[in-house]
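Residue numbers (the working numbering): 2 to 394. Note that the Cβ used here is the ideal one computed from N, Cα and C, for glycine as well. Just so you know, these numbers come straight off a predicted model, no measurement behind them.
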């Protein structure tokens with residue numbers, strides 16, 4: 002029998018919010034995690050990106066909040082400010098029909114004054130990066146003693162980024178917590194250590210990238226010379242009529258250069274990478290989220306934690322260095338059970354070898370295509386490899 006949100010025993014306000022957002026059925030991770038969270042159990046979940054993890058812990062956290070109580074009751078820790086902002090937005094979307102539940106988002110690289118104001122409004126849910134949360138704790142602008150649920154999102158990445166000490170210090174200060182959730186794409190040694198130190202009788206959930214949970218993405222490649230990459234990208238976007246595009250480059254320098262070239266060609270695009278001021282990055286992200294910016298160019302720093310529902314197409318301008326990066330990049334499209342398209346531009350033999358390696362590792366099929374002068378796409382004829390003839394001695 003198919004699990005529905007109704008069968009999970011959710012409140013009327015939550016069901017209305019899910020319906021308004023167009024979510025019909027829970028994904029696997031939501032169907033498995035929500036009941037355990039509702040019963041205050043500790044959960045350790047391994048699930049690929051794009052499977053709906055935020056709702057898996059966000060829905061039960063909201064259901065548990067007592068709006069009459071102005072203390073912080075739910076805490077979500079995230080590795081990056083982009084992800085923290087995105088989780089905050091998703092939670093506010095779920096709160097549309099609830100009264101009196103407030104969310105604050107705290108992260109570094111932004112003025113502390115505005116965040117103190119958010120905390121003065123007495124939020125019951127706080128989403129934070131570990132370093133900035135410790136700043137607020139040390140300034141006594143936040144209390145952690147009434148928190149009931151703590152969730153670590155992208156726990157592997159957070160602990161890998163050197164937040165282990167901060168994270169354990171924070172969990173130690175949440176004296177009265179009822180449950181702890183760890184969500185991770187991979188269960189690293191550090192994630193296991195945190196689980197062993199702080200979880201009791203935890204429920205383990207593993208969501209394999211099954212067909213129905215895997216984003217529905219058509220994957221293609223285009224061969225071109227290194228110098229023709231920008232022009233190929235431009236033609237691809239213009240001829241295929243994509244309205245919301247994400248382009249990934251491996252370096253900050255390439256990101257900026259491509260952005261400048263496409264802007265000169267008349268495309269409305271912008272880029273985010275590590276050298277751009279945080280306030281500027283947020284403005285760019287906001288424009289992209291609201292649909293006011295059609296093309297976003299980013300490095301892998303930004304590839305996780307950007308959750309925009311209807312990205313038409315992802316373009317790998319550079320083939321990523323890591324197999325995992327490829328999965329995260331293309332996972333920005335084909336979300337929420339919509340169809341997506343991913344293109345990879347291949348300009349030399351090492352890039353082709355890397356793409357082949359990614360396909361083998363991820364069990365993906367990437368079709369080589371040819372983009373004609375008229376904008377027509379046709380399948381590239383793959384020449385059979387010729388076996389070397391054995392020389393007779």
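Per DSSP, residue 75 is paired with what?
126 and 150
Bridge-paired residues (DSSP) for residue 314:
246 and 342
For a test of the three-state rule: what should DSSP assign to residue 29, helix, strand or coil?
helix
Which residues in the same chain as residue 61 place their Cβ atom closer than 6 Å to its Cβ, once the five residues preceding and following it in sequence are excluded?
35, 38 and 39
One question on the structure: do residue 152 and residue 89 come within less than 7 Å of each other, judged by their Cβ atoms?
no
Relative to the alpha-carbon of residue 253, which residue among 301, 235, 269 and 221 has its alpha-carbon at the smallest distance?
301
Tell me whether residue 212 is buried or exposed, calling it buried when 16 or more other Cβ atoms sit within 10 Å of its Cβ.
Because residue 212 sits at a pLDDT of 49, beneath the cut-off of 50, its placement in the model cannot be relied upon, and the point is left open.
Comparing C-alpha positions only, which one of 57, 292 and 273 sits nearest to residue 91?
57
Residues bridged to residue 165 by DSSP?
Its beta-bridge partners do not exist; DSSP assigns none.
Round the Cβ separation of residue 294 and residue 271 to the nearest angstrom and send it over; I've been treating them as touching at under 8 Å.
6 Å
Per-residue DSSP class, three states only, for residue 212:
Because the pLDDT of residue 212 is 49, which lies under 50, any placement of that residue in the model is unreliable, and the question is left without a value.
Rounded C-alpha distance that separates residue 180 from residue 248
39 Å
Is it right to say residue 41 is buried, meaning 16 or more other beta carbons lie within 10 angstroms of its own, or is it exposed?
exposed
Out of 11, 356 and 296, state which residue places its alpha-carbon closest to the alpha-carbon of residue 264.
296
Can you tell me which of the three DSSP states residue 182 falls into?
strand
Is it buried or exposed for residue 59, if we count other Cβ within 10 angstroms and need 16 for buried?
buried
So, using beta-carbon positions, are residue 408 and residue 106 closer together than 7 Å?
This structure gives no information on residue 408, because the portion of the chain shown stretches from 2 to 394.
Take the Cβ of residue 286 as the centre, count every other Cβ of all protein chains shown within 10 Å, and call the residue buried at 16 or more, exposed below.
buried
Taking the beta strand (DSSP E) that residue 225 falls in, what are its first and last residues?
Taken as a continuous stretch (DSSP letters only), residue 225 belongs to no beta strand (DSSP E), as it is neither H nor E.
Within 10 Å of its beta-carbon, does residue 321 have 16 or more other beta-carbons around it, so buried, or fewer, so exposed?
buried
Option in 280, 311 and 282 with minimal Cα separation from residue 292:
311
Whole angstroms is fine: what's the gap from residue 343's alpha carbon to residue 122's?
42 Å
Using three-state DSSP, classify residue 61 as helix, strand or coil.
helix
Thinking just about the alpha-carbon of each residue, which of 188, 191, 4 and 225 is nearest to the one in residue 350?
225
Member of 102, 76 and 79 whose CA lies at the smallest distance from the CA of residue 68
102
List the whole-angstrom C-beta distance separating residue 48 from residue 208, where the pair is believed to meet the contact cut-off of C-beta under 8 Å.
4 Å
Can you check which of these residues, 3, 13 and 325, is closest to residue 100 by C-alpha distance?
13
Continuous alpha helix (DSSP H) stretch holding residue 354: start and end
350–363
Using alpha carbons as the reference points, say which of 353, 95 and 161 lies closest to residue 20.
95
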